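Novice: Residue numbers (the numbering used here): 31 to 237.
Think of the CB as a built atom: it goes at the ideal place given N, C-alpha and C, for glycine as much as any other residue.
Just so we're clear, the structure is a prediction, and the values are computed from it rather than from any experiment.
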Amino acid sequence: MIKTSYIFIAAAAAWFATTAVIDTTPAPSHETAAHPSTAAAAHPALPAGFNQGTVVEALNAGGYTYAQVNTNGQQLWIAGPQTAVQAGQNISWGQGAVMTNFTSKSLGRTFDQILFVSSYMTDEQLAAREASTSRGKVLAVQEAGGYSYMEVDTGAKTVWVAAPAIQVKVNDTVQWGSASEMHNFTSKSLARTFDSILFAAAVSVAN
Numbered sequence: 031m032i033k034t035s036y037i038f039i040a041a042a043a044a045w046f047a048t049t050a051v052i053d054t055t056p057a058p059s060h061e062t063a064a065h066p067s068t069a070a071a072a073h074p075a076l077p078a079g080f081n082q083g084t085v086v087e088a089l090n091a092g093g094y095t096y097a098q099v100n101t102n103g104q105q106l107w108i109a110g111p112q113t114a115v116q117a118g119q120n121i122s123w124g125q126g127a128v129m130t131n132f133t134s135k136s137l138g139r140t141f142d143q144i145l146f147v148s149s150y151m152t153d154e155q156l157a158a159r160e161a162s163t164s165r166g167k168v169l170a171v172q173e174a175g176g177y178s179y180m181e182v183d184t185g186a187k188t189v190w191v192a193a194p195a196i197q198v199k200v201n202d203t204v205q206w207g208s209a210s211e212m213h214n215f216t217s218k219s220l221a222r223t224f225d226s227i228l229f230a231a232a233v234s235v236a237n
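Put into structure tokens, the structure is as follows:
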């Protein structure tokens, strides 16, 4: 049984190596699935954890959008939270999990393989995401209390940004999404007070 599982996981990894970055996102509870497996691959052309393709067919059912997508010359089915997409449209998707022999009761069909993703984004939504992303060059870094405190030159101004600890160094380019600004914030672990600092849920190195 263990040998069979290894063979299946290897096959799944080969099939989705250029199309998916996988985590353990579960299939929706109202559907029936068999033999889940995971595979992972880097896709540096898009924001971390995102992949891209062109919609061939889209179906909405049970609060989910099922889309057949052409990506890198391959056809695959992906499913995620219901989103307004249509054939011919370019979409990006986040992390997900490969499911095999998945039966959708709401659609009344079984998919040999399908990738359940955490989110979809159209080109317009992706552009909006990029527009709302801040980035800049790291001028200084301090680590304390499980956080990285970074002084960043955004080009327009210099700001301090704090986020859960990451591997980052001076002169790296970093980016972050929405953040909460705090004034006169005192870090006990650093024993210093920041006149203003942004707390971000995550910061990534964009070199």
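Between Gln112 and the ligand NAP, is the CB less than 7 Å from at least one heavy atom?
Specialist: What this structure holds is no ligand at all, so the ligand NAP is not there to describe.
Novice: Please report how far the alpha carbon of Gln112 lies from the alpha carbon of Leu89, in whole angstroms.
Specialist: Answer to the nearest angstrom: the Cα atoms are 9 Å apart.
Novice: Roughly how many angstroms lie between the CA atoms of Thr84 and Gln143, to the nearest whole one?
Specialist: Roughly 18 Å between the two C-alpha positions.
Novice: Could you compute how far the alpha carbon of Thr101 sits from the alpha carbon of Gly207?
Specialist: Those two C-alpha atoms are separated by around 27 Å.
Novice: Measuring CA to CA, which of Gly176, Thr203, Gly118 is closest to Ala193?
Specialist: Taking only the C-alpha atoms, the option nearest Ala193 is Gly176.
Novice: Determine the closest residue to Tyr150 out of Ser178, Asn81, Asn214, Glu181, with distance taken between C-alpha atoms.
Specialist: Residue Asn81 is the option with its Cα nearest to Tyr150.
Novice: Quick check: what's the CA-CA separation for Thr186 versus Asn120?
Specialist: Reading the sequence as shown, one finds Ala at residue 186 and not Thr. When rounded, the distance between both Cα atoms is 32 Å.
Novice: Would you tell me roughly how many angstroms separate the C-alpha atoms of Thr223 and Gly138, rounded to the nearest one?
Specialist: In a straight line, the C-alpha of Thr223 is about 59 Å away from that of Gly138.
Novice: Return helix, strand or coil for Asp202, following the three-state DSSP convention.
Specialist: Asp202: coil per DSSP, three-state reduction.
Novice: Using only the alpha-carbon positions, how far apart do Phe146 and Lys218 sit?
Specialist: Looking at the two C-alpha atoms, the distance is approximately 42 Å.
Novice: What residues in its chain sit with their C-beta under 7 Å from that of Val86, if we drop five residues either side in the sequence?
Specialist: Hits under 7 Å: Gln98, Val99, Asn100, Gln105, Ala117.
Novice: For the beta strand (DSSP E) containing Ala186, list its first residue and its last residue.
Specialist: It is not in any beta strand (DSSP E) - Ala186 carries neither H nor E in the DSSP assignment.
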